[in-house]
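Below you'll find the structure, written out as structure tokens, and then a few comments.
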Amino acid sequence: MTKTMNNGRSPAIRAAGLGKSYGDEVVLDGVDITVPEGAIYSLLGPNGAAETSIVQIPSTLIAADAGDIRVGGHDPATDPTPPVPIPAGSPAGFSAR
């Protein structure tokens with residue numbers, strides 16, 4: 733699924749068809765997002781718009797129910813090891829999983 737951006741590099745984050753439900757409540761339904769390497773993105777929306785779920789899925793805090801996601805070219809669901817080492821002095825509780 734990895735596509736290259738105009739600079740010839742893979743995007744930092746790429747999600748296609750992302751889906752997540754909590755019981756009968758569908759919170760993500762076919763979300764596509766591409767974040768180029770070196771870009772700064774922000775997710776804004778009203779409370780309950782699933783911004784937190786969109787951030788938690790690539791960080792492996794929760795699992796997606798549908799779709800495909802790549803972080804640094806890796807699938808975090810099958811390879812949760814971060815593509816770069818976690819820096820010393822990271823905030824308490826910060827982990828690769």
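Under the working numbering, the residue at position 28 of the sequence shown is numbered 760, and the numbers go up by one with no gaps.
Glycine included, each C-beta is placed from N, C-alpha and C at the ideal position.
Predicted model, so just to flag it, every value in this text is computed and none were measured.
So, is A795 buried or exposed, given that buried needs 16 or more other C-beta atoms within 10 angstroms?
Here residue 795 corresponds to residue number 63 of the sequence shown, with the count starting at 1. The residue in question, A795, is exposed, as its Cβ has fewer than 16 Cβ neighbours within 10 Å.
Suppose you measure from the CA of E769 to the CA of H806; what does that come to, to the nearest Å?
Numbered from 1 along the sequence shown, position 37 holds the residue referred to as residue 769. Numbered from 1 along the sequence shown, position 74 holds the residue referred to as residue 806. The straight-line gap from Cα to Cα measures roughly 14 Å.
If you compare alpha carbons, which of R741, L750, I745 is closest to A782?
The count along the sequence shown starts at 1 and reaches residue 782 at position 50. For A782, the nearest C-alpha among the options comes from L750.
Between D797, T784, S742, which has its C-alpha nearest A684's C-alpha?
Here the chain comprises residues numbered 733 to 829, so residue 684 is not present and cannot be evaluated.
Output needed for Q788: all residues of its chain with C-beta closer than 6 Å, excluding positions within five of it in sequence on either side, in chain order.
Locating residue 788 in the sequence shown gives position 56, counting from the first residue. Result list for Q788: I794, in chain order.
Tell me which residues share the same chain as P808 and place their Cβ nearer than 6 Å to its Cβ, disregarding the 5 neighbours each side in the sequence.
As a working note, residue 808 is residue 76 in the sequence shown. The answer, listed in chain order, is P790, T792.
Between I765 and A747, is the Cβ-Cβ spacing less than 8 Å?
Locating residue 765 in the sequence shown gives position 33, where the first residue counts as 1. Locating residue 747 in the sequence shown gives position 15, where the first residue counts as 1. Yes, they are a contact pair.
By the DSSP assignment, the alpha helix (DSSP H) with E769 in it spans what residues?
What you label residue 769 is simply residue 37 of the sequence shown in a count that begins at 1. Per DSSP, E769 belongs to no alpha helix (DSSP H) and is neither H nor E.
For V758, count the other beta carbons within 10 Å of its own beta carbon; 16 or more makes it buried, fewer makes it exposed. Which is it?
In the sequence shown, residue 758 corresponds to position 26, counting from 1. Flag for V758 reads exposed.
Can you say whether L760 is buried or exposed, counting buried as having 16 or more other CB atoms within 10 angstroms of its CB?
Stepping through the sequence shown from its first residue, residue 760 is reached at position 28. With 16 or more other Cβ atoms within 10 Å, it is buried.
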